[in-house]
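A.B. asks: There's a structure below that I have some questions on.
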Amino acid sequence: DVKVTQSSRYLVKRTGEKVFLECVQDMDHENMFWYRQDPGLGLRLIYFSYDVKMKEKGDIPEGYSVSREKKERFSLILESASTNQTSMYLCASSPPEGLQETQYFGPGTRLLVL
Amino acid sequence: KQEVTQIPAALSVPEGENLVLNCSFTDSAIYNLQWFRQDPGKGLTSLLLIQSSQREQTSGRLNASLDKSSGRSTLYIAASQPGDSATYLCALPNDYKLSFGAGTTVTVRA
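Protein chains in written order, with our numbering: chain D, 6 to 119; chain L, 282 to 391.
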């Protein structure tokens, strides 16, 4: 069974902290994605990666960076957390056929920045 | 740029009634269209994926239709149950990513 896991379901951080969100998939997928989901704005793509050490900016990359050192793991980094980064963060993966196939989503991490 | 709209934003029906959820999109040159379900505070689960060459796709009580020429897809859920209460999102490929609608939140009353 397909599995995408995220390191935390809930996180509370303070403004200015460095925050790491981890995502792991066990399907040997090449493509991995980070989205944020906000009421009224829907899901927006932050970054995606199509291979180890490769990354591409999505629609809203400002204030975020990513790391993909291993195929199964894709990390989202908030270098200096701000209150406007309070959101639900969703990780997803898909096989190399990309958008011909569905994306598989993790359970999400709800981040609160105080 | 692909714009995806879902109307209504929320829907409440009594148990047993059939559900009809709408998704419209602006660019008809699509590769496929997907419907996802999201339970409160959870991630997304793929329900159906319709390829551009298909007109509909069925899975159990769910049926999704696709009309590219009019830029519309409809998700039908037959004989709704309280367990169908969730937010339903449609999504389409847009360049290298998926573009999502804002979703329709469904409540099925027992």
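Every residue, glycine too, gets a C-beta built ideally from N, C-alpha and C.
#1: What span of residues does the beta strand (DSSP E) with G21 of chain D cover, start to end?
#2: May I ask which residues mark the beginning and end of the beta strand (DSSP E) holding S354 of chain L?
#3: Can you give me, in chain order, the residues of the region 289–315 of chain L that have a beta carbon less than 8 Å from any beta carbon in chain D?
#4: Among L:T388, L:I311, L:A360, which has the Cα closest to the Cα of Y369 of chain L?
#5: Roughly how many angstroms lie between the CA atoms of E102 of chain D and N36 of chain D, to the nearest whole one?
#6: State yes or no: is the C-beta of Q319 of chain L within less than 8 Å of the C-beta of A383 of chain L?
#7: The beta strand (DSSP E) that contains L119 of chain D, what's its start and end?
#8: Just the Cα atoms here: how many angstroms apart are R115 of chain D and R336 of chain L?
#9: Counting pairs of Cβ atoms below 8 Å between the region 285–304 of chain L and the region 349–369 of chain L, do you hit three or more?
#10: Between R115 of chain D and chain L, is any beta-carbon pair separated by less than 8 Å?
#11: Counting along the chain, where does the beta strand (DSSP E) carrying T386 of chain L start and finish?
#12: On the three-pair Cβ rule with 8 Å, is the region 20–31 of chain D touching the region 59–67 of chain D?
#13: Would you kindly work out how many angstroms separate the C-alpha atoms of S333 of chain L and L314 of chain L, rounded to a whole number?
#14: Give every residue of the same chain whose Cβ lies closer than 6 Å to the Cβ of M93 of chain D, excluding the five residues on either side of it in the sequence, and list them in chain order.
#15: Sort L:Q287, L:K282, L:S309, L:G324 by Cα distance to S98 of chain D and report the nearest one.
#16: For the region 53–68 of chain D, which residues have a beta carbon sitting closer than 9 Å to at least one beta carbon of chain L?
#17: Please state whether DSSP places D320 of chain L in a helix, a strand or coil.
#18: Can you tell me the Cα-Cα spacing of C96 of chain D and D33 of chain D, whole angstroms?
#19: On the DSSP bridge assignment, give the partners of T368 of chain L in chain order.
#20: Using 8 Å as the threshold, is the C-beta distance between Q283 of chain L and L356 of chain L below it?
#21: Mapping DSSP to helix, strand and coil, what is P363 of chain L?
C.D. replies: Result, derived from the coordinates:
#1: The count along the first sequence starts at 1 and reaches residue 21 of chain D at position 16. Where G21 of chain D is concerned, there is no enclosing beta strand (DSSP E), given that its DSSP letter is neither H nor E.
#2: Here residue 354 of chain L is taken as the residue at index 73 of the second sequence, counted from 1. Residues 353–358.
#3: Y312, N313, Q315
#4: Working through the second sequence from its first residue, we reach residue 369 of chain L at position 88. Y369 of chain L has its Cα closest to that of L:T388, out of L:T388, L:I311, L:A360.
#5: In the first sequence, residue 102 of chain D corresponds to position 97, counting from 1. In the first sequence, residue 36 of chain D corresponds to position 31, counting from 1. Answer to the nearest angstrom: the Cα atoms are 9 Å apart.
#6: Translated into the one-based positions of the second sequence, residue 319 of chain L becomes position 38. Translated into the one-based positions of the second sequence, residue 383 of chain L becomes position 102. No, the pair does not count as a contact, with Cβ atoms beyond the cut-off.
#7: As a first step, residue 119 of chain D must be located in the first sequence, where it is residue number 114. Careful: L119 of chain D lies outside any beta strand (DSSP E) and carries neither H nor E.
#8: Your numbering for residue 115 of chain D matches position 110 in the first sequence. Your numbering for residue 336 of chain L matches position 55 in the second sequence. Rounded to whole angstroms, R115 of chain D to R336 of chain L spans 37 Å at the Cα level.
#9: yes
#10: The sequence position of residue 115 of chain D within the first sequence is 110, counting from 1. Closer than 8 Å: yes.
#11: As a position in the second sequence, residue 386 of chain L is number 105, starting the count at 1. Start and end: 385–390.
#12: no
#13: Along the second sequence, one-based indexing puts residue 333 of chain L at 52. Along the second sequence, one-based indexing puts residue 314 of chain L at 33. The alpha-carbon atoms of S333 of chain L and L314 of chain L are separated by roughly 7 Å.
#14: Along the first sequence, one-based indexing puts residue 93 of chain D at 88. Excluding residues within five positions, the ones whose Cβ falls inside 6 Å are Q42, G113, R115.
#15: Here residue 98 of chain D corresponds to residue number 93 of the first sequence, with the count starting at 1. Comparing Cα positions, the closest option is L:G324.
#16: F53, Y55, E61, G63, D64
#17: By 1-based counting over the second sequence, the position of residue 320 of chain L is 39. It is coil, neither helix nor strand.
#18: Position 91 of the first sequence, counting from 1, holds the residue named residue 96 of chain D. Position 28 of the first sequence, counting from 1, holds the residue named residue 33 of chain D. So the two alpha carbons sit approximately 15 Å from each other.
#19: Within the second sequence, numbered from 1, the residue matching residue 368 of chain L stands at position 87. L:Q319, L:T386, per the DSSP bridge assignment.
#20: Along the second sequence, read from residue 1 onward, the residue named residue 283 of chain L stands at position 2. Along the second sequence, read from residue 1 onward, the residue named residue 356 of chain L stands at position 75. Against a cut-off of 8 Å, the Cβ pair of L356 of chain L and Q283 of chain L comes out as no contact.
#21: Start at 1 with the first residue of the second sequence, and residue 363 of chain L comes out as number 82. Helix at P363 of chain L.
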